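Residue numbers (the working numbering): 24 to 207.
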């Protein structure tokens, strides 16, 4: 395993840990009874995904790198702290869609090692559920917050997501090119 691959798998792992910690806190203190079970499952999935990446790295003869920067940190730098549950779910929906696209793109890389492909396969089922439950919860919140406001937040967060993703690509271009064999 080269250092670029070790780094990107560690980056994925770190992002999953960051998500687990966020959703764990949210599940612990969330005042919305109807969302608590799904958020708890989301927390558990994110935690499990971090373990899957850790196991994947071990199967490839590597240990995870300690990374101080997670993808989500860049979101919060760009948007600030979400003001309410609708904003939390809107940014989560946009983020989960980005994760699915990134994981799908990476899973199609030619010559991918079996442990990496198997890890993507395990995680992608959960990621699809994350997107489904968050989308449904947002729909249910439209009467409370207003459909136009929900859609405006989603649009705003998609714009921020594109900017954050572009900055990550620029910053880590050489690492990602090493993985994908080309510029992404």
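Backbone N, C-alpha and C fix where the C-beta goes; we use that ideal spot for every residue, glycine too.
Quick caveat: nothing in here was measured; it's all calculated off a predicted structure.
What is the residue span of the alpha helix (DSSP H) that residue i lies within?
| i | result |
| --- | --- |
| residue 159 | 137 to 168 |
| residue 52 | 26 to 52 |
| residue 132 | Element bounds for residue 132: n/a, residue is neither H nor E. |
| residue 77 | 56 to 82 |
With distance defined between alpha-carbon atoms, name the residue in the options nearest to residue i.
| i | options | result |
| --- | --- | --- |
| residue 29 | 127, 164, 78 and 105 | 78 |
| residue 184 | 171, 136 and 121 | 121 |
| residue 67 | 181, 54 and 48 | 48 |
| residue 118 | 177, 85 and 58 | 177 |
| residue 157 | 103, 143, 59 and 139 | 59 |
| residue 61 | 50, 70 and 71 | 50 |
| residue 92 | 35, 130, 155 and 189 | 35 |
| residue 69 | 88, 57 and 115 | 115 |
| residue 135 | 74, 169, 73 and 83 | 83 |
Quick check on the burial criterion: 16 or more other C-beta atoms within 10 angstroms. Buried or exposed for residue i?
| i | result |
| --- | --- |
| residue 42 | buried |
| residue 37 | buried |
| residue 111 | buried |
| residue 150 | buried |
| residue 39 | buried |
| residue 205 | The predicted model places residue 205 with a pLDDT of 46, which falls under 50 and marks its position as unreliable, so this point remains unresolved. |
| residue 52 | exposed |
| residue 104 | exposed |
| residue 144 | exposed |
| residue 137 | exposed |
Note down the Cα distance separating residue i from residue j, rounded to an integer number of angstroms.
| i | j | result |
| --- | --- | --- |
| residue 100 | residue 187 | 10 angstroms |
| residue 160 | residue 54 | 14 angstroms |
| residue 31 | residue 132 | 13 angstroms |
| residue 64 | residue 125 | 22 angstroms |
| residue 7 | residue 191 | Past the edges of the chain, shown from 24 to 207, lies residue 7, and the structure says nothing about it. |
| residue 207 | residue 147 | With a pLDDT of 42 at residue 207, under the threshold of 50, the predicted position of this residue should be treated as unreliable, though the coordinate-derived value follows. Approximately 21 angstroms between the Cα atoms of the pair. |
| residue 85 | residue 152 | 30 angstroms |
| residue 197 | residue 81 | 24 angstroms |
| residue 45 | residue 109 | 15 angstroms |
| residue 142 | residue 76 | 7 angstroms |
| residue 107 | residue 26 | 40 angstroms |
| residue 164 | residue 172 | 10 angstroms |
| residue 33 | residue 194 | 16 angstroms |
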